[in-house]
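One structure below.
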Amino acid sequence: MTSSNKLSARETKRLQTRERLMGAAVAEFKRSGMADADVGAIVAAAGVAHGTFFFHFPTKEHVLLELEHREEQRMANQFAKFLETGPELADALHEAVRLVSGLERRLGEELFKDFLALHFSQTRPPVEDGRDHPIIVGVAREIEQAQQRGDVDPDVIPMNSAVFFLLGLYALLTTTNTWLTRDAILDDYVTRTLRSLQPR
Numbered sequence: 047m048t049s050s051n052k053l054s055a056r057e058t059k060r061l062q063t064r065e066r067l068m069g070a071a072v073a074e075f076k077r078s079g080m081a082d083a084d085v086g087a088i089v090a091a092a093g094v095a096h097g098t099f100f101f102h103f104p105t106k107e108h109v110l111l112e113l114e115h116r117e118e119q120r121m122a123n124q125f126a127k128f129l130e131t132g133p134e135l136a137d138a139l140h141e142a143v144r145l146v147s148g149l150e151r152r153l154g155e156e157l158f159k160d161f162l163a164l165h166f167s168q169t170r171p172p173v174e175d176g177r178d179h180p181i182i183v184g185v186a187r188e189i190e191q192a193q194q195r196g197d198v199d200p201d202v203i204p205m206n207s208a209v210f211f212l213l214g215l216y217a218l219l220t221t222t223n224t225w226l227t228r229d230a231i232l233d234d235y236v237t238r239t240l241r242s243l244q245p246r
């Protein structure tokens, strides 16, 4: 690493503080949900002053945005690795469902609900399109490749279909989390999605 690429001691300390705050906030969100999370408990656990939280994260929602970015990148990396096996589109969509629903086990029920609700939040910072969500990009790319093979209708817009698929998945996961038929519903959702993409 050249000297121009090295982080200053100050920048290193800032990043370490941010990571401590992130870890403490995620733990508090898992315990009580984002809305009820106590910033005082977060800063106490991180060992920093109260204002330090707001320096790094202007709102509690910004913690969720950071978590979303990290988790989506992690899922996208796993999805890309899965795609190296050359799966059919159905298998790829089932894998996307598996990865997203696996977040519920990783994050816990409270934080998972907040994570999914973020996608429908009116206060979420505006974005141009789905290209800043790597899992959407991965699903869109897979739909596009299936389209090139002739398995998907030529009129389908892959990015739109990926957005429809994932937003629908998030909505189903949010509303069916206690249903005994949830797995069957998710399987049917993939089946219906595939049917909607088939050539006419």
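The numbering used here numbers the first residue of the sequence shown as 47 and each following residue consecutively.
For every residue, glycine included, the Cβ atom is placed at its ideal position computed from N, Cα and C.
Count the other CB atoms within 10 Å of the CB of Q168; is the residue buried (16 or more) or exposed (fewer)?
exposed
Quick check: is any heavy atom of the ligand GDP less than 7 angstroms from the C-beta of E188?
Summarising the ligand content, the structure contains no ligands, and the ligand GDP is consequently not present.
The alpha helix (DSSP H) spanning S54 covers which residue range?
Taken as a continuous stretch (DSSP letters only), S54 belongs to no alpha helix (DSSP H), as it is neither H nor E.
Secondary structure at Q62, three-state DSSP: helix, strand or coil?
helix
Continuous alpha helix (DSSP H) assignments of at least 4 residues falling wholly in the stretch 200-231
204-221
I231 burial status per 10 Å Cβ neighbour count (16 or more: buried):
exposed
Status (buried if at least 16 other CB within 10 Å, exposed otherwise) for A142
buried
Whole-angstrom C-beta distance between M80 and L129, which should lie under 8 angstroms:
Going by Cβ atoms, the distance from L129 to M80 rounds to 32 angstroms, so no, they are not a contact pair.
For H102, count neighbouring Cβ atoms within 10 angstroms of its own Cβ and tell me buried if that reaches 16, exposed if not.
buried
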